[in-house]
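Read through the structure below, which is laid out as structure tokens, and then see the notes.
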Amino acid sequence: MWGIQSLRWRLIVAATALAVVSVGVVSTVNILIARAAVRDTIAQDAAALAQARAAATADVIAVARRGVEALLPAVDEPDPLPSLQKVARTVGYDTTYIGYADKRTAFSSPQDLPPDYDPTTRPWYQLASRSEGVVLTEPYVDAGTKRLVLTLAAARRDGAQVQAVVAGDIFLDAVQASIDAIKPTPSSNAFIVARDGRLVVHPNLDLILQPAERLTPALAAGALAALDAQPVNATIDGQPRLLVARPIAGTDWRLVIAMHEGEAMAAVRALEINSLVGALVVGALSALVIGVLVHASLRPLRRLDAALEEVASGDSDLTRRLSTSGVREVARISEHFNAFVAKLQSVLVDIRHASTQVHTAAEEISAGNLDLSTRTEHAASSLEETAATMEELTDAVAQTAQHAQQANRRATEVAGAAERGGGVMQAVTTKMANISSTSQRVGEIVNVIDGIAFQTNILALNAAVEAARAGEAGRGFAVVAAEVRALAQRSAQAAKEIKTLIESSVGEVQEGSVLVNDAGAEIARIVEEVKALAAMIRDIAADAEHQQHGIAQIGAAVSALDQTTQQNAALVEQGAAAATALKQQAADLAAAVARFRIDHEAARPALPPR
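Here's what the structure looks like:
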């Protein structure tokens, strides 16, 4: 029920929003068009008002200008007073006067002037002397009357020589009043700005001759020309203003109207408020009408909802069918619902059969998983024992390989020592041969010494014979010869003993050399045997290392197989648990399907429309 109600509110809100948006868009477009039209009308009215008041001000100035021009002939009159008073009365001048080049003056009314008053030094005299025609001085506020005064002057020339300057002071009360009266809206005002950007006329007398830029930058001297072409938006005293300007003929002034934009657009704001109120009223009426229409349109759906609720509740009887008579759209929904219930009934029948089969298959899978789990556990236990044995065998082979490597290192060291011993024996043999050769040379030297001793003995004998022949003179020489002979004999005896010792040493050295040669041969044979033994030990060590690697790989494979077996056991247990859960879910599914009443049960008639 809440769903239909939500749909109803959504339709009401959507349709109401569409109506409100449509009204709002139309109202917004109308307001924008009205705002633009009102703005154009305000600008046109302000421009027309400014043009009219500027023309009126120009007429005042023109009349005053003609009055000054009428005074020019009075310069040549002996007594200009009557002319001065007549023009003052006719035009409305406060005072008319003439300043002569010789510094004389003539006024339309008595003046309290200082004795040294020189008209030729006054600004109005100098300005007229430099200009052609009638000139206007800057307006000023009279100190006594607090009234705005304007001086107009013109020079009377004789050729290029200025004879005199006629002038008149006129109160701009009419102009001031005319400008102050320009109020298109209560807060709007108008003022006159000179070409140099200074205020000539303004409701606030304190601003006279002050820069108009103080009011707003849009009134700067360089921006005044833009005001003639089109209105300009500006802010004065914090308020939005629409500035419209028109030039005053015969002067370098501009009349500016500052339109209060908020007050001028008040009608548009009233239109905006009225449009908003109208949109709200239209929205409320639209919501009411659309609510009634939607409520009437959804009445058949509420009836269908009640029928569906009755079918869905109770004992879940899927043999019920909705009536297909009544409103066309509702009838089609009833037909689709009946088709859906029929398909759902067929699906539930299939699910009931499938759940029974799944339950049976789950029981078989559970029994098979239990048997497989038991076998897997036995296999895992055997693999654990095999892995432990392989670890012990790996340790034994590793220890054997380690001992073989140590024996290989020892055999290598022994072979090296044997090789070094063979080298030493070879060196000893060489030394013995050298000693034998040296002994033989010593024997030869001893023979030489023995021969020398023999020769010395012969020479000593001959010397003794010669000494005997010499008699007493050769006795000393005979003694020396006897000593030399004795020494030769001892040398011969020593040489014989040395020779005997050397011959004995040479024999022993030769015997030792033979023994050393035999020992060297034995050591060389031992070295070869040790090398062969070292090679065999290296082969044993290499084989042991290969066996160690092979056994390690077998151990790793057994460990991996053990882990795989453990994982398989875990998977089998998970499969058993899943089979048990599947069996339970199949039972739950069968129980859930059993709650529905389907074809083989008693059918109830279709629900009548409500």
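Residue 483 in full-length UniProt numbering sits at position 483 of the sequence shown; the count goes up by one each step and never skips.
Ideal placement from N, C-alpha and C gives every residue a C-beta, glycine not left out.
- M259 is bridged by DSSP to L242.
- In this structure, D102 is the residue among D102, L209 and V201 with its C-alpha nearest to the C-alpha of Q161.
- Non-local beta-carbon contacts of G474 in its own chain, meaning distances under 6 Å to residues more than five positions away in sequence, involve A467 in chain order.
- Counting only runs of at least 4 residues, the stretch 153-215 fully encloses the following alpha helix (DSSP H) elements, listed from N- to C-terminal order: 173-180.
- With fewer than three CB-CB distances shorter than 8 Å, the stretch 371-380 does not count as touching the stretch 490-508.
- For F171, the closest of V149, R157, R254 and E77 by C-alpha to C-alpha distance is V149.
- Between A481 and the set I498, D543, I502 and A463, the nearest pair of CA atoms involves A463.
- Excluding its 5 nearest sequence neighbours in each direction, A541 has C-beta neighbours in its own chain below 6 Å: A404, Q405 and N408, listed in chain order.
- A258 and V135 have their C-alpha atoms spaced approximately 28 Å apart.
- Here G168 is buried. Its C-beta has 16 or more other C-beta atoms within 10 Å.
- Of the other Cβ atoms in all chains shown, 16 or more fall within 10 Å of the Cβ of S83; this residue is therefore buried.
- In the DSSP annotation of this structure, the continuous segment of the beta strand (DSSP E) that includes Y97 starts and ends at T95 to Y100.
- Bounds of the beta strand (DSSP E) holding V232 are V232 to I236.
- One thing to note: V397 has its Cβ within 8 Å of the Cβ of Q547.
- A contact between stretches requires three or more CB pairs, one per stretch, nearer than 8 Å, and the stretch 236-248 meets this requirement with the stretch 45-53.
- Comparing alpha-carbon positions, the option among I208, L276 and A249 lying closest to V60 turns out to be A249.
- Each residue's CA atom was taken as its position, placing T120 and D158 some 16 Å apart.
- Nearest to D228 by C-alpha distance, out of E261, A54, L205 and Q239, is A54.
- A direct Cα-to-Cα measurement between V424 and Q510 gives close to 18 Å.
- With fewer than 16 other CB atoms across the displayed protein chains lying within 10 angstroms of its CB, T28 is exposed.
- Taking 8 Å as the cut-off, the Cβ atoms of A164 and I98 count as close.
- Put simply, of P186, E261 and W253 the residue whose alpha carbon is nearest the alpha carbon of G238 is E261.
- Under the 8 Å Cβ criterion, the stretch 186-193 does not count as touching the stretch 106-118, having fewer than three qualifying pairs.
- For A194, the closest alpha carbon among the candidates A181, N204 and Q210 is that of Q210.
- Put simply, the backbone Cα of V201 is about 45 Å away from that of V277.
- Within the stretch 43-110, complete beta strand (DSSP E) segments of at least 3 residues are found at 95-100 and 105-107, given in chain order.
- Under the DSSP definition of a beta bridge, P247 partners with R254.
- In the structure shown, T400 falls within a helical segment according to DSSP collapsed to helix, strand and coil.
- Pairing T90 with S108 gives a Cβ-Cβ distance that is not under 8 Å.
- CA-to-CA, the gap between E472 and V479 works out to about 12 Å.
- Residue burial annotation: F340 is exposed, with fewer than 16 other C-beta atoms found within 10 angstroms of its C-beta.
- Taking 8 Å as the cut-off, the Cβ atoms of V232 and A218 count as close.
- For A128, the enclosing alpha helix (DSSP H) stretches over residues P123 to R130.
- Following the DSSP letters along the chain, one finds D118 in no alpha helix (DSSP H), marked with neither H nor E.
- Shortest Cα-Cα distance from T251 to any of V21, A58, Y125 and N434 involves A58.
- With respect to the C-alpha of N568, the residue from A380, T429, T500 and Q402 having the closest C-alpha is A380.
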